[in-house]
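When the letters of the sequence shown are read in order and numbered with my numbering, they come out as residues 34 to 174.
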Amino acid sequence: MRPTPIATFALPPRWDGHEVTWETMPVPTVSFICPPPEPRYCGNCGSFFPPLMVRGLRHPLDGETFDSTRAKTGRFGRTVHIPTEVPAWPVYDLAAFRCPTCPTDEVWDIRTDEWWELDLDDYGPAGSTHPDTVHEETNDA
Ligand SMILES: [Zn+2]
Numbered sequence: 034m035r036p037t038p039i040a041t042f043a044l045p046p047r048w049d050g051h052e053v054t055w056e057t058m059p060v061p062t063v064s065f066i067c068p069p070p071e072p073r074y075c076g077n078c079g080s081f082f083p084p085l086m087v088r089g090l091r092h093p094l095d096g097e098t099f100d101s102t103r104a105k106t107g108r109f110g111r112t113v114h115i116p117t118e119v120p121a122w123p124v125y126d127l128a129a130f131r132c133p134t135c136p137t138d139e140v141w142d143i144r145t146d147e148w149w150e151l152d153l154d155d156y157g158p159a160g161s162t163h164p165d166t167v168h169e170e171t172n173d174a
């Protein structure tokens, strides 16, 4: 089977509930990623050919915040950093890898340093959710 180019292939529109914007052009996997991922082979076909990769921009949930600090200068000119929370912003912290020899996609969640091989459910409108997440949907099957 001829693999579909990753740029024209749908990827999960959501990741653990977060909306994701995937890049449309694959970038060479020799590009620098910090920290660099382990050398990998395809778990489906065993190919060691470098996979195609696109980055995913994970958008924040409504009301989500990031931990931060704000600087406050005291009476004697000393600056202290006080913990605070700031509104979250979109972050490129997902990377999708397409095997060049079979239609297998894996996603590296850089935020949790977890690798996920996608299955058909992940491409649906609800996207990919962590298996520990309790699904509110029920099947009447
Ligand atoms: Zn493969």
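Even for Gly, the Cβ is constructed at its ideal location relative to N, Cα and C. Note that the structure is a prediction, hence the values are computed from the model and not measured.
Using a Cβ-Cβ cut-off of 8 Å (strictly less than) and excluding sequence neighbours within five positions of residue i, which residues of its own chain qualify?
{"i": "Pro36", "result": "With a pLDDT of only 45 at Pro36, under 50, the local geometry of the prediction cannot be trusted, and the value read off the model is given with reservation. Here the set comprises Arg131, Cys132, Pro133, Thr134, Cys135, Pro136."}
Would you mind stating whether residue i and residue j have Cβ atoms separated by less than 8 Å?
{"i": "Glu97", "j": "Ala128", "result": "no"}
{"i": "Asp126", "j": "Ile143", "result": "yes"}
{"i": "Ser183", "j": "Trp55", "result": "Any question about residue 183 goes unanswered here, given that the chain covers just 34 to 174."}
{"i": "Pro45", "j": "Pro93", "result": "no"}
{"i": "Leu85", "j": "Val53", "result": "no"}
{"i": "Glu150", "j": "Gly76", "result": "yes"}
{"i": "Pro59", "j": "Val87", "result": "yes"}
If I measure Cβ to Cβ from residue i and keep anything under 7 Å in the same chain, skipping five residues before and after, which residues do I get?
{"i": "Thr102", "result": "His114, Ile115, Pro116, Thr117"}
{"i": "Val119", "result": "Thr98, Phe99, Ser101"}
{"i": "Pro158", "result": "Pro46"}
Any heavy atom of ligand 1 inside 7 Å of the beta-carbon of residue i?
{"i": "Asp134", "result": "Checking the sequence shown, residue 134 turns out to be Thr, not Asp. For ligand 1, at least one heavy atom lies less than 7 Å from the Cβ of Thr134."}
{"i": "Ser101", "result": "no"}
{"i": "Thr3", "result": "Missing from the structure shown is residue 3; the chain here goes from 34 to 174 and no further."}
{"i": "Ser80", "result": "yes"}
{"i": "Cys67", "result": "no"}
Which residues in the same chain have their Cβ closer than 6 Å to the Cβ of residue i, if we skip the five residues on either side of it in sequence?
{"i": "Tyr74", "result": "Phe81"}
{"i": "Ala43", "result": "Tyr156"}
{"i": "Lys105", "result": "Val113, Ile115"}
{"i": "Pro38", "result": "Because Pro38 sits at a pLDDT of 45, beneath the cut-off of 50, its placement in the model cannot be relied upon, and the point is left open."}
Tell me, please, whether the stretch 104-115 touches the stretch 147-157 by the rule of three or more beta-carbon pairs shorter than 8 Å. no
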